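Colleague: First the structure, which I've put down as structure tokens, then a few questions once you've had a look.
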Amino acid sequence: MNVNYPLRTIFKHDITKITNALLPEDFTSADKRTVRIASDVVVNILDEMGILSAKAQDLQKPITSWDKLRNSDHHVYLLFDRGDGSGGFVMGLLKVGRKNLYVFDLEGECHERDSLCVLDFYIHESVQRTGLGRKLFEHMLEHENIRPERLAIDRPSHKFLLFLQKHYGLSDVVSQSNNFVVFTAFFDKYNRDH
Ligand code: ACO
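In our numbering, the protein residues as written are 21 to 214.
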């Protein structure tokens with residue numbers, strides 16, 4: 021999505037984490053007006069990208085909006101082309117958050133796990149399949165210090181399952197009764213802390 025505001029003045033990096041303060045995690049300004057403008061830009065981006073993501077997934081309601089983020093401890097990673105100074109383009113969104121889940125392993129045993137979950141993931145249609153999804157996902161993995169097989173995925177789309185298979189070799193889904201998908205390595209003991 022195009023933004024008619026100089027994104028470089030708000031976002032210091034091409035990938036930025038947005039917290040429930042509705043500002044970039046590394047944002048600092050003593051000037052109240054600047055904080056207000058930055059928050060307005062973030063709110064607009066979250067809502068518009070949330071709608072685009074929902075459309076791309078055929079969902080009736082967006083999973084991501086500023087309102088939902090504000091009332092949660094989840095966070096959103098945004099991927100930008102910050103342009104040359106006069107505007108910019110938002111290329112992707114990745115929302116993650118911790119949830120307490122009951123998950124079944126291959127033997128049918130139920131485990132209660134506080135898991136980092138992928139809740140929403142979207143790369144703009146005009147730049148899909150050019151490696152940007154992987155760039156954003158890798159950034160999140162590093163920032164959250166987690167391996168992909170340790171994530172629980174909320175209703176993954178077919179495209180996302182193919183993405184996980186291609187980039188991380190994840191294909192052995194362990195079926196769950198809820199909407200989440202985990203892979204067999206999710207239950208590996210040596211993985212538990214990562
Ligand atoms: N058809 C089939 N596979 C696809 C497609 C597609 N249209 N798009 C991406 N993939 C998979 C393939 O494995 C592809 O590799 P290939 O091109 O060699 O076949 C790989 O992803 C490409 O990797 P990237 O370029 O890094 O991924 P991309 O930038 O396209 O981002 C994403 C992946 C986020 C799934 C993107 O395609 C997208 O936004 N899709 C629409 C929305 C969506 O389905 N989001 C996930 C919802 S589930 C959730 O959020 C929990």
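From the three backbone atoms N, C-alpha and C, an ideal C-beta is built for every residue, glycine too.
Note that this is a predicted model, so its numbers are computed, not measured.
Exposed or buried, which one is Glu169 when buried takes at least 16 other CB atoms within 10 Å?
Modeller: Under this definition Glu169 is a buried residue.
Colleague: Using only the alpha-carbon positions, how far apart do Glu45 and Thr36 sit?
Modeller: 7 Å
Colleague: According to DSSP, Asn120 sits in a beta bridge with which residue or residues?
Modeller: Asp134
Colleague: Could you spell out the range, first to last residue, of the beta strand (DSSP E) harbouring Asp174?
Modeller: 172-174
Colleague: Mapping DSSP to helix, strand and coil, what is Ile35?
Modeller: strand
Colleague: Specify the secondary structure class of Asp125 as computed by DSSP and reduced to three states.
Modeller: Of the three classes helix, strand and coil, the one that applies to Asp125 here is coil, per DSSP.
Colleague: DSSP three-state label for His94, please.
Modeller: coil
Colleague: Between the alpha carbons of Glu162 and Phe203, how many angstroms are there, rounded?
Modeller: The C-alpha of Glu162 lies about 19 Å from the C-alpha of Phe203.
Colleague: Hey, how far is the Cα of Asn120 from the Cα of Gln148?
Modeller: 31 Å
Colleague: Could you say which of Phe180, Ser197, Asn199 lies nearest to Leu190 if we only look at CA atoms?
Modeller: Phe180
Colleague: Could you check whether the Cβ of Pro176 sits closer than 7 Å to any heavy atom belonging to the ligand ACO?
Modeller: yes
Colleague: Could you spell out the range, first to last residue, of the beta strand (DSSP E) harbouring Phe203?
Modeller: Looking at the DSSP string, the run of the beta strand (DSSP E) that includes Phe203 is 200-203.
Colleague: Could you check what DSSP says for Asn22 in three-state terms: helix, strand or coil?
Modeller: strand
Colleague: Report the rounded CA-to-CA distance for His214 versus Gly107, giving the unit in angstroms.
Modeller: Unreliable placement is indicated for His214, whose pLDDT of 49 sits below 50; the coordinate value is still reported in the next sentence. Approximately 38 Å, taken between the alpha carbons.
Colleague: Look at the Cβ atom of Val194, then the Cβ atom of Leu126, and state whether they are nearer than 8 Å.
Modeller: Yes. Within cutoff.
Colleague: Identify whether Ile143 lies in helix, strand or coil by the three-state DSSP scheme.
Modeller: strand
Colleague: DSSP three-state label for Pro44, please.
Modeller: strand
Colleague: When the Cα of Asn40 is compared with those of Leu89, Met69, Met160, Leu139, which residue comes out closest?
Modeller: Leu89
Colleague: When every heavy atom of the ligand ACO is checked, does at least one fall within less than 7 Å of the C-beta of Ala76?
Modeller: yes
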